[in-house]
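A.B. asks: Once you've had a glance at the structure underneath, I'll fire off some questions.
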Amino acid sequence: MNAAKIRVLITRPDSLGDVETKLLTSAGFEVIRESFIRVETIDDDASRASAKRLLTTFSHHPNASLIVTSASAIRALKDLAPDLLEKIAKNAPTYDVVAVGEATAQVLRDCGFTRVAVPVIHSAEGILALLKSRPPSIAVIPTGNLTLPTLGLGLKTLGWQVFTEVLYHTAPVTKPPASVTALRDGRIDVVVLRSPSAVDALVAHVPDIHPRVWIVCVGNTTATTAEKHRLLVSVVVDPSQLTDLPGKISQMINGGN
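Taking this note's numbering, the leading residue of the sequence shown gets 436, the next gets one more, and so forth.
Shown next as C-alpha cells:
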C-alpha cells in the first residue's frame, strides 16, 4: 500500500515536539496531529517553592545529578524558577545532567546546559543502566502527576538519595478531539502513541476505536498500558530508534514484506 494513502494520527500536544510528524511526512504519509492530552505547569506558590527547592538541592551538591524524564519537566522548571534555572545553566559545565532522550536533551541544551548524558535506551530503565556504574549520589528529579515511580525506586535501590517534586500535570483534553469520529469509523489507518498517558487519553475519548485501526506504540511501557486497555498493539518502536518509525509502519501495512 502506498504511504501517501495512509492516514497516521499523532496524539501528542505540540509542546512535546514534532519528531514523529517530520519523520512520517518526509516518508510520504498523510499525518494528522491532534492533541489528546494536555500538559500544564502547576502554576502556584507551592510549585514555585518546590521548583526552587529542587534546583537549590541540585546546585548546592557538587555530585548531584539533575535527571529529566520529560521535556515538560524542564519547561516546568523554566516556568516556575526561571532566574534560578538560568543562573545554574550559566555554570552548566560544573553540573551533571541526564535526559531520558534526545528531544529532552535538546530542551536542556536550549536552556544552556552543555553536558547532557543520554542513555542508549531511552527509558527509566536506560537511565538506571547508565547510572548503575556510578557511585551513589544525589538525584534531583522534577516529575509530573503521572510519572511512574520506576526511576526513583530504582535509584534508591542503588543507594542514591532521591529528591522529587511534582511540577506539571497531564490529563486528557476536555473537549473530544475532531479525529474521534474518524477513529470510530475506521477513517484513520494508524495511531501512534508515545506514552501511557496518551493511551489512557485515547481510550477515554474513543473506547470503541475501530478494529481496522493499527495501534503503534513507542516504548514497552506504552505498549503494556495499551494491552491493559485491551488494545491490539501492532508495532512497538524503541524510543531510542524513532527514525525506524516510518519503516516499521510501512512494513506493518504491507504485511511484513
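Beta carbons: idealized from backbone N, C-alpha and C, even for Gly. In this text, all values refer to a predicted model and were calculated from it rather than measured experimentally.
Given this structure, state the Cα-to-Cα distance separating Asn526 from Leu581, to the nearest angstrom.
C.D. replies: Distance between the alpha carbons of Asn526 and Leu581: 31 Å.
A.B. asks: Hey, would you say Leu586 sits closer than 8 Å to Ile573, going by beta carbons?
C.D. replies: no
A.B. asks: With distances taken between CB atoms, is the gap from Val542 to Ile509 smaller than 8 Å?
C.D. replies: In this structure, Ile509 lies closer than 8 Å to Val542 by Cβ.
A.B. asks: From the DSSP secondary-structure annotation, give me the bridge partner or partners of Gly432.
C.D. replies: Residue 432 lies beyond the residue range present for the chain, which begins at 436 and ends at 692; the question has no answer from this structure.
A.B. asks: Using DSSP with H/G/I as helix, E/B as strand and the rest coil, what is Asp531?
C.D. replies: Reduced to three states, the DSSP call for Asp531 is strand.
A.B. asks: Per DSSP, which residues does Ser500 bridge with? Please list them.
C.D. replies: Asp531 and Ala574
A.B. asks: Opposite Thr476 in the DSSP bridges: which residues?
C.D. replies: Tyr603
A.B. asks: Nearest to Tyr530 by alpha carbon, out of Ala506, Leu563, Thr539 and Leu490?
C.D. replies: Selected option, being the one with the closest Cα: Leu490.
A.B. asks: Quick one: what does DSSP say Pro671 is sitting in, helix, strand or coil?
C.D. replies: The question names Pro, yet the displayed sequence has Val at residue 671. Here Val671 sits in strand by DSSP.
A.B. asks: With a threshold of 7 Å on Cβ separation, who are the neighbours of Pro674 within its own chain once the five nearest residues in sequence on each side are excluded?
C.D. replies: Gly536, His557, Ser558, Val653 and Gly654
A.B. asks: Short of 6 Å in beta carbon distance, which residues of its chain neighbour Leu459, apart from the five on each side in sequence? Order them along the chain.
C.D. replies: Val443, Val466 and Pro681
A.B. asks: Cβ atoms of Ser614 and Ile623: under 8 Å apart, would you say?
C.D. replies: yes
A.B. asks: For the beta strand (DSSP E) holding Leu666, just list the boundary residues, first then last.
C.D. replies: Careful: Leu666 lies outside any beta strand (DSSP E) and carries neither H nor E.
A.B. asks: Compare the beta carbon distance of Ala650 and Leu628 with 8 Å and say whether it is the shorter of the two.
C.D. replies: The residue you asked about is not Ala; residue 650 is Ile in the sequence shown. Result yes, Cβ atoms of Ile650 and Leu628 sit closer than 8 Å.
A.B. asks: In this structure, what does DSSP give as the bridge partners for Arg468?
C.D. replies: Ile445
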